[in-house]
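Beneath this line is the structure, given in structure tokens, with notes to follow.
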Amino acid sequence: MTYDSKGNGHKAAGRPDGGQFDRKRGAGDDSDLGAECAYRTVSDYDQGRKLASDAIGRRRRRPVVLMSCSLRTGRPTVNPALIADRAGDGVDVVVLDGGGEDGFNSIAKPRGLGIWNGTVRAWRATGTSYWIKPGFDMVDSIAGWASWHAPAKAKPVDWHARAVGLQARVDALEACAGAPKAPDYEGMFADDDPRLYDLLVRAVWAERVPAGEKDSKPLPDRWSYADGLLPLPPMVGAKALAKAMMEALTGLDADSKARDLHMLDNGRGGTGPRLGEWGHPIWRSRIGAGKGAPTLLYTRDDQGGIVFLHAGHHDDWLL
1 MTYDSKGNGH KAAGRPDGGQ FDRKRGAGDD SDLGAECAYR TVSDYDQGRK
51 LASDAIGRRR RRPVVLMSCS LRTGRPTVNP ALIADRAGDG VDVVVLDGGG
101 EDGFNSIAKP RGLGIWNGTV RAWRATGTSY WIKPGFDMVD SIAGWASWHA
151 PAKAKPVDWH ARAVGLQARV DALEACAGAP KAPDYEGMFA DDDPRLYDLL
201 VRAVWAERVP AGEKDSKPLP DRWSYADGLL PLPPMVGAKA LAKAMMEALT
251 GLDADSKARD LHMLDNGRGG TGPRLGEWGH PIWRSRIGAG KGAPTLLYTR
301 DDQGGIVFLH AGHHDDWLL
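Structure representation (structure tokens):
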């Protein structure tokens with residue numbers, strides 16, 4: 001610990017560039033750090049236990065994202081600075097390292113709430129939590145879920161910049177992967193604009209379907225979105241949803257254990273599947289991993305095209 005001319009102590013606290021933050025003399029943790037501290041690292045066993053106790057006991061006023069380190073690399077599997085930037089100033093981001101992770105899990109793991117080997121748990125101030133394993137679209141999934149209780153402080157997404165970048169990405173992929181030509185879109189994209197998801201689906205298809213399988217697993221000429229599907233609830237990441245949509249459109253979800261594809265039950269005392277507006281079964285596909293993951297519901301219209309109905313944790317709107 002060193003001190004500057006103003007008497008402020010300096011100690012590395014997890015800034016993305018490896019720099020250090022000013023800490024008030026005598027402060028025992030990072031609670032006094034300003035908004036410029038994107039995230040902090042906890043390596044102390046007792047501090048890890050306190051984090052678990054406060055989160056589980058609903059003694060926190062702000063949502064917190066707790067990140068464990070990969071056993072292979074010794075680092076989180078996704079950049080915590082990206083999580084902090086996407087979630088905004090209303091969400092705390094903490095990396096648990098060494099003793100900090102051990103202390104946290106000493107309380108959380110017996111309750112089935114532990115994290116390890118790169119997994120992440122996002123806690124809302126209400127005490128509810130969401131466990132995320134390393135994978136596609138962790139940034140949007142984690143930050144969106146955590147910032148649900150702090151929407152005014154979460155940083156808005158620049159949808160126009162995202163759309164421009166997606167269009168350039170799709171154009172490049174089409175040139176080298178034989179993807180179907182996507183239309184050129186103009187104007188501002190919003191999070192409830194279906195064109196944004198058209199582009200995401202095409203980009204995911206071009207990236208993830210091997211070149212040798214593109215002829216046998218093409219995207220259809222058309223698909224549509226039901227009223228109320230967009231904008232997405234924060235717990236559903238746009239990229240993760242696009243991947244689930246792409247697999248539905250190509251039939252890949254039928255062969256995926258992770259998707260757990262099945263027809264929605266009637267649920268009204270009868271037997272058989274729930275039918276959509278056009279008389280076809282409604283299918284449910286898992287978007288994320290693990291129990292309680294958000295799901296995607298879709299059916300087919302009178303022309304055989306897929307219609308995406310709902311993405312989220314609950315199907316109450318269908319009852």
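For the record, in the sequence shown the residue sitting at position 24 is 24 according to UniProt numbering, with numbers rising by one throughout. Note that the Cβ used here is the ideal one computed from N, Cα and C, for glycine as well. Everything numeric in this text was worked out from a predicted model, so none of it was measured.
With distance defined between alpha-carbon atoms, name the residue in the options nearest to residue i.
i: residue 295; options: 245, 73, 116 and 275; result: 245
i: residue 304; options: 282, 310, 286 and 313; result: 282
i: residue 59; options: 70, 251 and 123; result: 123
i: residue 229; options: 309, 236 and 207; result: 309
i: residue 221; options: 213, 108, 307 and 280; result: 307
i: residue 74; options: 278, 98 and 86; result: 98
i: residue 280; options: 286, 266, 288 and 47; result: 266
i: residue 132; options: 288, 297, 312 and 300; result: 288
i: residue 57; options: 247, 250 and 129; result: 129
i: residue 342; options: 54, 261, 118 and 201; result: The displayed coordinates of the chain run from 1 to 319. Any statement about residue 342 would go beyond what the structure contains.
i: residue 218; options: 47, 247 and 301; result: 247
i: residue 277; options: 81, 226 and 48; result: 226
i: residue 243; options: 285, 108 and 117; result: 285
i: residue 250; options: 213, 275, 262 and 258; result: 213
i: residue 325; options: 239, 110, 86 and 301; result: Beyond the ends of the chain as shown, which are 1 and 319, falls residue 325; an answer cannot be given.
i: residue 119; options: 255, 72 and 77; result: 77
i: residue 326; options: 72, 261 and 241; result: Any answer about residue 326 is impossible in this case: the structure gives the chain only from 1 up to 319.
i: residue 258; options: 240, 206 and 109; result: 240
i: residue 252; options: 209, 198, 272 and 273; result: 209
i: residue 54; options: 204, 107 and 70; result: 107
i: residue 293; options: 313, 275 and 274; result: 313
In terms of DSSP beta bridges, what is residue i paired with?
i: residue 128; result: Looking at the DSSP assignment, residue 128 forms no beta bridge with any residue, so it has no partner.
i: residue 312; result: 295
i: residue 40; result: 94
i: residue 122; result: 65 and 130
Does residue i come out as helix, strand or coil in the three-state DSSP assignment?
i: residue 219; result: coil
i: residue 204; result: helix
i: residue 33; result: Residue confidence is low: residue 33 scores 37 on pLDDT, short of 50, so the model does not pin down where it sits. Its coordinate-derived value is still stated next. Reduced to three states, the DSSP call for residue 33 is coil.
i: residue 210; result: coil
i: residue 46; result: helix
i: residue 193; result: coil
i: residue 25; result: Bear in mind that a pLDDT of 40 at residue 25, under 50, signals an unreliable position, so the number given afterwards is only what the model happens to contain. In the structure shown, residue 25 sits in coil (DSSP, three-state: anything other than H, G, I, E or B).
i: residue 199; result: helix
State the CB to CB distance for the pair residue i and residue j, rounded to an integer number of angstroms; the pair is presumed to be in contact (CB under 8 Å).
i: residue 91; j: residue 65; result: 6 Å
i: residue 102; j: residue 39; result: Residue 102 to residue 39, Cβ: 19 Å. No contact.
i: residue 94; j: residue 51; result: 7 Å
i: residue 311; j: residue 232; result: 6 Å
i: residue 47; j: residue 100; result: 6 Å
i: residue 297; j: residue 261; result: In fact, because the Cβ distance is near 11 Å, the residues do not count as touching under 8 Å.
i: residue 104; j: residue 49; result: 7 Å
Compute every distance between the C-beta of residue i and the non-hydrogen atoms of the ligand NAD, then say whether any falls below 7 Å.
i: residue 242; result: In terms of ligand content, the structure shown is empty, and the ligand NAD therefore cannot be addressed.
Alpha helix (DSSP H) runs wholly inside the region 223 to 309, at least 4 long, in chain order: 238 to 250
Runs of 3 residues minimum, wholly inside the region 52 to 120: which ones carry the beta strand (DSSP E) assignment? 64 to 67 and 92 to 96
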